[in-house]
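In our numbering, the protein residues as written are 50 to 398.
Notes for the one structure printed next.
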C-alpha cells in the first residue's frame, strides 16, 4: 500500500465519539488562538448492553518493542482496557522491532487459537503475510496504526490520521501567525510513510497562507538525541524564524534542550503526538512550546473494545449498521493552554 493509499484508508474511516475508549475525548481541534476553542466531548464511559459480561473472548496482542513513549502507552492502554472486562483474556507478546521475531510471536498466538488478534506491526509490509495467515485461520485481525499491504490481512483497521496531524498543525500555525511569517519543520524518519504524510499535510495547510514560507526542514529520527542535534543545526542555520512544527513530542524533548541552550525565545513551537511532558509544559506556559497535535495511543484501548465486540458477535450500539466498521480513524486535535486540562488524562509518559 502506498502512502497515498494509506491516507485514503484513513480518510474513509469513522470518527466514533463516545463509543471507543478515549476516542470521544479526542474530537475537538483548535480553530484560532484569538477565539474561544470548541470544548472537547467528555470521555467515553462504560455502560449500555455491550458492556455487560458475555462470552469469554481471548484476545492476542502483538506490537513492536516499546522503545518509545508512545509505543509504551499503546501497550499500557491495551492492558488497562482489557482489565475492565471480566470476559476478556488478553495474551500480549513482549514486542519486537525485528520482523521475523514478531512474526514468530504472532504465529504462537495463532497456534494458541486466540479469538481475535490485534497487531501493531513493526513493519506493515513485512508483517502482511503473517496477518493473512491469521485471517485464513478464521481469526479476525485488528490492524493497529501501521497499515498492512492489503485489506485481506485485516478485518478492521484502527489508527491515527498522519495527514490531518500535519494539516491541523499547519493551520494552527498559520492562524496564530496571522497568515504571515516563516516556519521550520522538524520531521521524524523520512523513509516512513507516516512522516511523509505528516509533512504533506503540513505543506498543504501552508498553501492556505501564501505569505508564510517554510525556510528549513530536518529529520530527527523520533529520538531525543537526534532531536537535539537536528534542532541545534536548524537554529544555527536559521537565526530568525517565527514558528516550528515538530512531528514528535519524544524527539521534542531534545529539540527543547537545544532551544534552551541557544537561548532562543523568538518563535513558538507546536509538537506532535501528545506526551505528558509536552502537555505539562503547555499548561505551565514555561517554554516556546505552545501546542501539540494529538496522535492518540487510546487507539489500543479502542482496539480491545472492537476485538471484544467481534469475539462476541456484537455490533456497535451507536451506529445503525449491523456490522462493525472496517476502518476507524482517530482525530488529531490541537491541544493548547486553553484546552489542555481536557486532554491531560490521555497523555502518555
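Beta carbons: idealized from backbone N, C-alpha and C, even for Gly.
Because the structure is a prediction, the values reported are computed rather than measured.
Please classify residue i as buried or exposed, where buried requires at least 16 other C-beta atoms within 10 Å of its C-beta.
i, result
"residue 143", "exposed"
"residue 223", "buried"
"residue 368", "exposed"
"residue 309", "exposed"
"residue 274", "exposed"
"residue 83", "Residue placement at residue 83 is flagged as unreliable, the pLDDT there being 33, under the threshold of 50; the coordinate-derived value follows with that caveat. By the 10 Å Cβ count, residue 83 comes out exposed."
"residue 186", "exposed"
"residue 381", "buried"
"residue 330", "buried"
"residue 246", "buried"
"residue 315", "exposed"
"residue 73", "Confidence at residue 73 is low in this model, with a pLDDT of 35, below 50, so the placement of that residue should be treated as unreliable; the coordinate-derived value is given next. Residue 73 should be labelled buried."
"residue 19", "Outside the modelled stretch of the chain, which goes from 50 to 398, sits residue 19, for which no answer is possible."
"residue 298", "buried"
Nearest CA to the CA of residue i: which residue from the options?
i, options, result
"residue 312", "147, 288, 324 and 321", "288"
"residue 120", "148, 137 and 322", "322"
"residue 317", "284, 333 and 337", "337"
"residue 108", "160, 212 and 386", "160"
"residue 249", "387, 217 and 152", "217"
"residue 211", "388, 243, 347 and 197", "243"
"residue 291", "314, 360, 118 and 232", "232"
"residue 181", "117, 279, 169 and 199", "199"
Does DSSP put residue i in a helix, in a strand, or in coil?
i, result
"residue 377", "strand"
"residue 397", "strand"
"residue 260", "strand"
"residue 217", "helix"
"residue 186", "coil"
"residue 61", "Confidence at residue 61 is low in this model, with a pLDDT of 34, below 50, so its placement is unreliable and the value that follows should be read with caution. It is coil, neither helix nor strand."
"residue 250", "helix"
"residue 211", "helix"
"residue 365", "coil"
"residue 240", "coil"
"residue 269", "coil"
According to DSSP, what are the bridge partners of residue i?
i, result
"residue 124", "Beta-bridge pairing links residue 124 to no other residue."
"residue 302", "Answer is none; residue 302 lacks a bridge partner."
"residue 167", "110 and 191"
"residue 138", "107"
"residue 229", "260"
"residue 341", "320 and 384"
"residue 205", "191"
"residue 293", "233 and 318"
Checklist line | Cβ pair count under 8 Å reaching 3, the stretch 225 to 232 against the stretch 185 to 203 | finding: no
Check: If we count Cβ pairs, one from each stretch, closer than 8 Å, do we get three or more for the stretch 339 to 357 versus the stretch 253 to 260?
Finding: no
Check: Would the stretch 331 to 351 and the stretch 172 to 190 be scored as touching if the rule is three or more Cβ pairs under 8 Å?
Finding: no
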